[in-house]
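Mapping the sequence shown onto the working numbering, position 322 (from 1) lands on 322, and the numbers just tick up by one.
C-beta atoms are modelled at their ideal positions from N, C-alpha and C, and glycine is treated no differently.
Being a predicted model, the structure only gives us computed values, none of them experimental.
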Amino acid sequence: MLKARRILWAALSFALLLGSCKEEEDVKPSNTLTAKAGADQNVNAGSVVKLDGSASADSENKPFEFSWTFSKKPAGSAANLAAANTAKPTFTADVAGEYEVELTISNANGQSKDKVVIMATVIEPIVIDANIRAKLTLNDRIDNPAIPDYIVNANVSVNAELEIKPGVVIAFARDTRLEINDNGGILIAKGDSTKPIRFIGKETTKGFWAGVTFRSSSSANTLEYVQVLHAGSKPLYATTKAGMAVLGGGRAEVNIKHCLFEQNAGYGLYLEHAVILGSFEKNNFKENTEAGILMGAENVKNLDTDSKFTNGNGRNVVEIFASSLPKNAASEIVWKGFKDKTPYRFLENVTSDANWKLLPGVIIEVGRGGFITIDDGYFNAVGTETNKIVIRGAENVAAYWKGMICFSTSDKNVIENAEVSGGGNIAIVSGKKANIAIYGGQSRMTIRKSVIANSGGYGIFVNYQGTVNGDVETVNTFKDNAQAKLLKE
């Protein structure tokens, strides 16, 4: 009997032991995860490193989470992992040395770890110190836009086709320049929104290197998503400093789109007389010592409304030197207003023989010695009640600039929904001071729904041979003119 009890007890004990083991298995699952952080890599310092843990697995095909962390970085590195909780994070190997990154994958079955080592070595920039006489392509060698791919240590003349690929960074030594010459020289520099091309100083300070000059008349000259920074150490033309100058001796031509001209000790861009601005779209001018751009009146028609000139430049205007709009009876020269309300500023006289039209929103400022002359063609400036055309002095005070004079006989000479103010600092014609003068045989102009103000003399002067609309005194507002609002001889 005792023996039977012992057998029964042993059987019960064994059953309890089996139950205990089974219960333990239920609450403590086996680890079915295997982390794989990918193969070790050798990269250039400054490169973006792409990690890949997608080969990691759970033998039961259950989902799991990723977590990447640095277990080792070189001294001085500020590298951070982007998307560290995904299968494929990235980081920039900002300094040379060894980076060790640990991957942890985990779920209810447990966790697994693996490490990958990335060795970053310094890649030296290629020195460019000779003129370019054969077709040359410059490729992006380093991903980091702060590290130059190439260094220019002396003035370089481009006498063949030079193509620059997206992401290229060229650093220029002190006072050096890049010259795109005529008779063979072509620059094709097309970056993109994620990998702009950068022309910078070896020292990233305003006015470190001289800048870029274009004399090439090739229509292939193109800059897209190009950044020009830190130039203006020496004049590119006469006494004019700029990040880039397009010079007209050979009727130089260039297309400029999505470019940035920033921190140049002078103008961002200078366009000489007679150059051809093939296209100009969505460019940005920031923190240049002078205005963003200096140009002649003949190229203003090519500017687009989306470009920006009002971000911290010495003068947030488009500056226009003494120049003229040539006669072309078959077409109309149209000036547009900028979305950021940038004014056009005339430094001296602007003369027009063209069919010249100002669209609503155009703002023209005129320097103290400046005036506007309409010789031939017509001047048509028709704004709207909510978006007027403004013509005023560079300082918005009375009697600041000389005024506007119209000799044209066209019946399309119209000023409407506009504000014309601050003229008449000196006599514009026949000893008369005025904001607007209509002068000469059969000259004419219609002026309606406009404000004529702050003249140093008359609001409007019409000589005995000129014609103005008969209701000019009643359909316009005259304010604070030093003499009468209208003088008709």
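Spatial neighbours of valine 48 in its chain, beta-carbon cut-off 7 Å, leaving aside the 5 residues before and after: Thr90, Thr92, Asp143
Of the residues Ile460, Asn139, Glu348, Lys88, the one placed nearest glycine 38, counting alpha carbons only: Lys88
Where the beta strand (DSSP E) containing cysteine 533 begins and where it ends: Beyond the ends of the chain as shown, which are 1 and 489, falls residue 533; an answer cannot be given.
Option in Gly369, Ala130, Asn85 with minimal Cα separation from isoleucine 105: Asn85
Residue burial classification, valine 366 (beta-carbon count within 10 angstroms, cutoff 16): buried
Run of the beta strand (DSSP E) containing serine 157, from where it starts to where it stops: 156-158
Counted within 10 angstroms of its Cβ, other Cβ atoms place aspartate 340 as buried (16 or more) or exposed: exposed
Length-filtered (3 minimum) beta strand (DSSP E) runs lying within the stretch 350-398: 350-352, 355-358, 363-366, 371-374, 378-382, 389-393
Cβ separation of leucine 187 and isoleucine 180, assumed to be a contact under 8 Å, to the nearest whole Å: 5 Å
Segment contact flag, the stretch 446-460 with the stretch 416-425, C-beta cutoff 8 Å, min 3 pairs: yes
Classification of leucine 486 by the beta-carbon crowding that lies within 10 angstroms, buried from 16 upward: buried
Burial state of arginine 315 (16 or more Cβ within 10 Å): buried
Which of helix, strand or coil DSSP assigns to valine 300: helix
Within-9 Å CB hit, asparagine 144 to chain D: Absent from the structure is chain D; it holds one protein chain and no more.
Buried versus exposed, by CB contacts within 10 Å (16 or more), threonine 239: exposed
Rounded separation between glutamate 262 and threonine 310 - CA only: 12 Å
Whole runs of the beta strand (DSSP E) within the stretch 150-222, excluding any shorter than 3 residues: 150-152, 156-158, 161-164, 169-172, 177-180, 186-190, 197-201, 211-214
Cβ neighbour criterion (16 or more within 10 Å) applied to proline 63: exposed
Ordered list of beta strand (DSSP E) runs contained in the stretch 403-459, each at least 3 residues: 403-406, 414-416, 418-421, 434-438, 444-448, 451-453
Separation of asparagine 80 from aspartate 94, as counted between CA atoms: 10 Å
Nearest-angstrom beta carbon gap, lysine 257 and glutamate 224 [assumed within contact, 8 Å]: 5 Å
Residue span of the beta strand (DSSP E) that contains leucine 294, given as start and end: 291-295
Assumed close pair phenylalanine 280, glycine 296 - CB separation to whole angstroms, cut-off 8 Å: Going by Cβ atoms, the distance from phenylalanine 280 to glycine 296 rounds to 14 Å, so no, they are not a contact pair.
According to DSSP, residues forming a beta bridge with alanine 322: Looking at the DSSP assignment, alanine 322 forms no beta bridge with any residue, so it has no partner.
Nearest candidate by alpha-carbon position, reference alanine 291, set Gly278, Leu347, Val246, Lys301: Leu347
Cβ-Cβ separation, asparagine 313 to glutamate 272 (assumed contact under 8 Å), whole Å: Not confirmed; about 20 Å, so no contact.
Beta carbon of valine 362 nearer than 9 Å to that of glycine 393: no
N-terminal and C-terminal residue of the beta strand (DSSP E) that glutamate 100 is part of: 97-107
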